[in-house]
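Quick notes on the structure that follows.
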Amino acid sequence: MPEKKVKGVTIVETFAEAFPMVGTRVIITAPTAEWAMISARTMTGFATSVIACGAEGGVERALTKFETPDGRPGVAVLLFTMDVNMLQTQLRNRVGQCVLTSPGSACYAGLEGEKKLKLGASLRFFGDGWQMSKVIGGRRYWRIPVMGGEFVCEDKTGLTTKAVGGGNLLVVGKSHKAVLAACTRAVKAMADLPDVITPFPGGIVRSGSKVGSKYAGQIASTNHAYAPGLKWHADSELPSTTEAVLEIVIDGLTADAIHEAMHAGIHAIAKGGSRDGITHITAGNYGGNLGPHHFHLKEIAG
Amino acid sequence: MSALSFELKRRPTQRLDLSPLVPSRLDGLNRKKIEALSVSTTRETITVGDVFKVKGKDAQCLHFAGTDDRCDKIGARLTGGEIVVDGDAGMLLGAQMKRGKITVHGSAGVSVGASMSGGEISVRRDVGDQVGGVAFGETFGMKGGFISIGGDAGLLVGERLRRGLIVVDGKAGDYAGGRMVAGTIVLRGGAGRYAGYGNRRGSLILADKPRHLMPTYVDSGVMEFDFLRLLETWLREQGMRIRLGGRARRLMGDMAVLGKGEMLILE
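Residue numbers (our numbering), protein chains in the order written: chain B, 25 to 326; chain X, 43 to 309.
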């Protein structure tokens, strides 16, 4: 098999198989940048995988007071699910429980989108009749009286059905320390890019999964082919030198955004070269029959 | 293409109904046909050609020059395009308009933007009573859009206002926000007596506490209002030099009616 190497790190000739998702963006603002981030992190805290969280979400980036609708510091948050109804439910629950409740917060639409999701349009009922609507510049906002003052929330936000979930990179190396350092670099590089998030803890997954299990009712189980402790098994995909594999999962509002993020990620991982202890960069797929988006690593590494 | 312009030749002998002079009516008409349009309001017929010197071509951008307080209904029922008035305007300027933009460099008469549902009206100097009020035959006042007044306003600013925003830079007369249903009025130069009379759920934002406060308004104290920041940002985007800040004293009323309205007195 022809191999491509970046600074001595082998880019395995394979592809990341990704799926269509629906996604949205909201802007959370607060009196300070710190409180905006607390609110955003809380809203996207339990949002690593649709397998059991209902949604995948994360902080896209922090916004300065010059970039937000109300002139306060803010955070752009992305949220993804497999269908529109679930996205609506998750958005309502997460903004309702985590942003509405956060001191001094406000929540605004972050995407125009082809279709709309209710934001304040459903949360306004918390106002118990005391809520007020204000239309400013053609956009409707709800003012909901709360103990901390007033929660301002835009009526609707947009959604996109062209979002993509499950772009990924598997980083294979000679030590856990090396792999973790390389993945941390990659997540940082991706954090600067627009329209993408890495939903797992700190952007990194230590327990990549495969579909199904030997146990009935268990819909996902450990990706044993990449578990270094099972290298003896015939299923193993790992070279004998491997001590650890970590994965970075990327969700994006567009396929292009994921492409860009994977490109930045590959080069950040390979930055130190093979001497840093990284041997391979590969990706997860299901044979190519399940997901319509295939991100070929060799092509992306460019 | 140069703006289609109407220069008033002399003070008309009667009030003029200029509502036919809107882009949707003028588009495709040649100068002769435009000059033949009637703008009279009495049995004595007056045509556009009798009182105006007509120049230019672009019907999407109308320009009135030398107009006075007898030029009524400029831009009434406007559905798009832009009208600039170098002079004064009479009553019902932009009444029932839906879209588009009207700028008056002088003053305007009563009922500016009456029952309008969208678009923007900017009057640089004073306006008469009932700005954003109720047009004849309507039950509500302004239903959307934006009116900004550079000078003073008369009685009943935003009477029966339903939706939309009115900003008055100068002084407002008595009964500002009178009987308003909803919507927002910003009064930067103070209000007369009975401000917010009969206000149901509208917001009356005042730079200073009015000298005469209705007893049917109940003080809720000072607090932060994030929506004031949204409003300030938007107004600045419109080119207005304004500072609302985020803090205000909130008085709820008018308790004689629904009582869900508010008077916000900026700190």
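For glycine and all other residues, C-beta sits at the position ideal for the given N, C-alpha and C.
This one's a predicted model, so the numbers in the text were calculated from it and none came from an experiment.
Under 7 Å from the C-beta of residue i: neighbouring residues of chain X
| i | result |
| --- | --- |
| Gly-182(B) | In chain order: nothing, as chain X lies at least about 18 Å away. |
| Ala-130(B) | Asp-268 |
| Arg-167(B) | Phe-269 |
| Gly-23(B) | This structure leaves residue 23(B) out entirely; chain B is present only between 25 and 326. |
Residues that DSSP places opposite residue i in a beta bridge
| i | result |
| --- | --- |
| His-304(B) | Thr-34(B), Val-196(B) |
| Trp-166(B) | Ser-157(B), Cys-177(B) |
| Asp-275(B) | Gly-189(B), Ile-221(B) |
| Arg-289(X) | Glu-266(X) |
| Leu-50(X) | Phe-94(X) |
| His-254(X) | Bridge partners of His-254(X): none, in fact. |
| Pro-44(B) | Val-188(B) |
| Arg-49(B) | Leu-102(B) |
| Lys-388(X) | A query on residue 388(X) cannot be resolved here, the shown segment of chain X reaching from 43 to 309 and no further. |
| Ala-214(X) | Ala-195(X) |
| Cys-103(X) | Glu-124(X) |
| Ile-247(X) | Val-228(X), Leu-306(X) |
| Phe-39(B) | His-320(B) |
| Ser-190(X) | Ser-164(X), Val-209(X) |
| Val-260(X) | Met-294(X) |
| Leu-183(B) | Thr-48(B), Lys-139(B) |
| Ala-45(X) | Asp-100(X) |
CB of residue i within 8 Å of CB of residue j, strictly
| i | j | result |
| --- | --- | --- |
| Val-195(B) | Leu-270(B) | yes |
| Arg-230(X) | Val-210(X) | yes |
| Ala-42(B) | Met-61(B) | no |
| Asp-128(X) | Asp-168(X) | no |
| Gly-287(X) | Leu-308(X) | yes |
| Val-155(X) | Gly-142(X) | The question names Val, but residue 155(X) in the sequence shown is Gly. Not a contact, by the Cβ cut-off of 8 Å. |
| Met-67(B) | Val-108(B) | no |
| Ala-131(X) | Gly-151(X) | yes |
| Ile-191(X) | Gly-206(X) | no |
| Ile-282(B) | Phe-224(B) | no |
| Arg-119(X) | Val-64(X) | yes |
| Gly-174(X) | Gly-238(X) | no |
| Thr-265(B) | Thr-222(B) | no |
Three-state class that DSSP yields for residue i in the structure shown
| i | result |
| --- | --- |
| Trp-59(B) | helix |
| Gly-142(X) | strand |
| Leu-60(X) | coil |
| Met-25(B) | Caution is warranted here: a pLDDT of 44 is assigned to Met-25(B), below 50, making its placement in the model unreliable, and the coordinate value is therefore given only provisionally. In the structure shown, Met-25(B) sits in coil (DSSP, three-state: anything other than H, G, I, E or B). |
| Leu-306(X) | strand |
| Ala-224(X) | coil |
| Ser-82(X) | coil |
| Thr-208(B) | helix |
| Ala-213(B) | helix |
| Ala-195(X) | strand |
| Val-203(B) | helix |
| Ala-298(X) | coil |
| Leu-273(X) | helix |
| Thr-55(X) | coil |
| Glu-80(B) | strand |
| Gly-1(B) | Residue numbering for chain B in the displayed model covers 25 to 326; residue 1(B) lies beyond these limits and cannot be assessed. |
| Ala-294(B) | helix |
| Leu-314(B) | coil |
| Thr-89(X) | strand |
| Ile-75(B) | coil |
| Met-67(B) | helix |
| Ile-284(X) | coil |
| Glu-180(X) | coil |
| Ala-233(X) | coil |
| Asn-309(B) | coil |
Where residue i meets chain B, residues with beta-carbon distance less than 7 Å
| i | result |
| --- | --- |
| Thr-226(X) | Lys-158 |
| Arg-243(X) | Met-156 |
Partners in chain B for residue i, counting only beta-carbon separations shorter than 9 Å
| i | result |
| --- | --- |
| Met-265(X) | Gly-173, Glu-174 |
Proximal chain X residues relative to residue i, where beta-carbon distance stays under 8 Å
| i | result |
| --- | --- |
| Gly-95(B) | Arg-271, Glu-274, Thr-275 |
| Gly-315(B) | In chain order: nothing, as chain X lies at least about 41 Å away. |
Cross-chain neighbours of residue i in chain B, by beta carbon under 8 Å
| i | result |
| --- | --- |
| Arg-205(X) | Val-159 |
Quick one: which unbroken beta strand (DSSP E) runs of 3-plus residues sit fully inside the stretch 222-286 of chain B? Chain order, please. 233-235, 244-246, 268-276
Enumerated in chain order, which unbroken segments of the alpha helix (DSSP H) with a length of 4 residues or greater are wholly contained in the stretch 116-161 of chain B? 144-147
Only counting runs of 3 or more residues, tell me where the beta strand (DSSP E) segments fall wholly within the stretch 107-168 of chain X, in order along the chain. 121-128, 141-146, 162-165
Secondary structure, alpha helix (DSSP H): runs of 4+ residues fully inside the stretch 82-118 of chain B: 108-118
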